[in-house]
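What follows is a short report on a single structure.
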Amino acid sequence: MKNKFVIKNFINSVCIPMLILVFIFALSSGCFVRKSDVSISKQAVQYPVKWYESSLFKIGSDNATSINTKDQLRKLLSMKWYQEIEVISPSDTTQSISVCTCEQFLEIERKKFEPKKAYEANAYMALATMSHAVKEIINAKSASVSFLRYMKLNKKTPDIFPAEMACIPSTTERKRLLSQKKRDRWSEVNQIKAVKSIDNLNAVYYDMNGVEQEIEIIGYGDFNHDGIDDILLLVQNSVTGGSYFTMSLFILTKRSSHATYEVIMEYNLFD
């Protein structure tokens, strides 16, 4: 009887108070999570929209201030370009308007207006590309998962990027090559002989046929609103010794750690 009394007294005086203290500590340290807390953690933003100080954002104006917020990007849409460009309708050359802001360009973008003066084509292409990039970033959302953020451009990039990234000056030949299912990667279309890495965000790729491709990472975000992080790229293509030049935007995504990169958006003013 005496032993039972001692054990009972020990439980009442020592064990129970200790259990109460442990329980209180667990509550205060967050070891027990309410259902509502779990749902909040699942919805927590992990990958906000991010963009870099690209030269692309500087070509529309002499303004040299940093563009760090979406409000500043929105102001860029209404900011006057360094030059006004007269454009005409491809279906009716008598119909012409002057464009001098991104807002004006985006209003007529779908009508496929072209510069009236041929020598202004490259300037118009650059300004149009900037306008489209700004629009994409403004409309992007934060991603909840990412399999590509902070990737670096290097000599391995052509082996992992899709074939659509390849430069083929002939539009007909490009369509023919890309229609062949066996060509999945960029390196299977352009035989890259040299790579010049400017930094982690910029690199120039040279192929065996004189094609030069300059690629720049513009930013990251969920551009198609599926919750998965995407990457926005600026691609400038030219041919050594020739006048050929194009400027394009690509948005790539990667849906899992083992998935391949795929194109979800390609933009070229004259395509």
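Residue 1137 is where the sequence shown ends in our numbering, and the numbering goes up by one at each step. Note that CB positions come from ideal geometry on N, CA and C, so glycine has one too. Bear in mind the structure is a predicted one, so any value in this text is a computation, not a measurement.
For residue i, which three-state DSSP category applies?
| i | result |
| --- | --- |
| A989 | helix |
| W1052 | helix |
| N1103 | strand |
| A1006 | coil |
| E950 | coil |
| D937 | helix |
| K1018 | coil |
| K901 | Interpretation of K901 is limited by its pLDDT of 36, a score under 50 that renders its predicted location unreliable; the figure taken from the coordinates is listed afterwards. DSSP places K901 in helix when its eight states are reduced to three. |
| S962 | strand |
| S894 | Below a pLDDT of 50, predicted positions are generally treated as unreliable, and S894, at 44, falls in that range; no measurement from the model is reported. |
Just how far apart, CA to CA, sit residue i and residue j?
| i | j | result |
| --- | --- | --- |
| V904 | T1037 | In this prediction, V904 has a pLDDT of 33, which is less than 50 and means its spatial position is unreliable; what the coordinates show is noted afterwards. The alpha-carbon atoms of V904 and T1037 are separated by roughly 52 Å. |
| N1005 | D1088 | 9 Å |
| H1140 | F1013 | Since the first and last residues shown for the chain are 867 and 1137, residue 1140 lies out of range. |
| N1134 | T995 | 7 Å |
| K1007 | V915 | 6 Å |
| K1001 | E1080 | 22 Å |
| A1060 | F1111 | 19 Å |
| L893 | F971 | Because the pLDDT at L893 is just 38, under 50, the model does not fix this residue reliably, and the point stays unresolved. |
| I1083 | S932 | 17 Å |
| K908 | G1093 | Annotation note: pLDDT 45 at K908 (below 50); position unreliable, coordinate value reported separately. Rounded to whole angstroms, K908 to G1093 spans 12 Å at the Cα level. |
| E1039 | L1118 | 23 Å |
| K1141 | H1124 | The question about residue 1141 has no answer here: the residues shown for the chain are numbered 867 through 1137. |
| C1033 | N1068 | 17 Å |
| E1128 | K1120 | 7 Å |
| N1075 | Q1057 | 8 Å |
| S1053 | S1010 | 31 Å |
| S944 | E919 | 19 Å |
| G1107 | Q912 | 46 Å |
| P1035 | N988 | 16 Å |
| K1018 | Y1086 | 13 Å |
| S1063 | Y1072 | 11 Å |
| T1126 | E1132 | 17 Å |
| Y948 | Y1016 | 33 Å |
With which residues is residue i paired in a DSSP beta bridge?
| i | result |
| --- | --- |
| L972 | L972 pairs with nothing; no bridge assigned. |
| F916 | The amino acid occupying residue 916 in the given sequence is Lys; Phe does not appear at that position. Beta-bridge pairing links K916 to Y1086. |
| P1024 | Answer by DSSP bridge pairing: none, since P1024 is not bridged. |
| N1134 | S1114 |
| I1097 | Y1086 and L1118 |
| D1065 | N1068 |
| D1073 | I1058 |
| P956 | BP columns for P956 are empty, so no partner. |
| V1129 | L1118 |
| I1081 | A1069 and V1101 |
| E1039 | The partner list for E1039 (beta bridge, DSSP) is empty, contrary to what the question assumes. |
| E980 | I954 |
Cα-Cα, which of the options is closest to residue i?
| i | options | result |
| --- | --- | --- |
| V1070 | G1093, L1100 and G1085 | L1100 |
| F923 | L942, V1077, Q1057 and D1050 | L942 |
| E975 | G1093, T960 and M991 | M991 |
| D1050 | K1059, V1061, F1027 and I1064 | F1027 |
| F1136 | G1093, Y918, M1113 and K982 | M1113 |
| S1109 | D1073, A1009, V1077 and A1029 | V1077 |
| L993 | K1120, L1115, E1132 and T1126 | L1115 |
| C968 | S920, D958 and A999 | A999 |
| I963 | K982, D1073 and S1122 | K982 |
| M1031 | L1098, S997, E973 and D958 | L1098 |
| L939 | W917, D958 and S957 | W917 |
| T1161 | Y948, E973, C966 and F979 | An answer regarding residue 1161 cannot be provided, because it is not within the stretch 867 to 1137 covered by the chain. |
| P956 | V1105, C966, K977 and A984 | K977 |
| V1003 | K936, R1015 and N1103 | Before going on, a small fix: residue 1003 reads as Ile here, not Val. Minimum Cα distance to I1003 is reached at K936. |
| D1095 | Y948, A984, S1122 and S997 | S1122 |
With a threshold of 8 Å, establish whether the CB of residue i neighbours any heavy atom of the ligand ATP.
| i | result |
| --- | --- |
| E919 | Among the components modelled here there is no ligand, and therefore nothing to report on the ligand ATP. |
Should the region 1016-1024 be regarded as contacting the region 950-958, the criterion being three or more beta carbon pairs within less than 8 Å?
no
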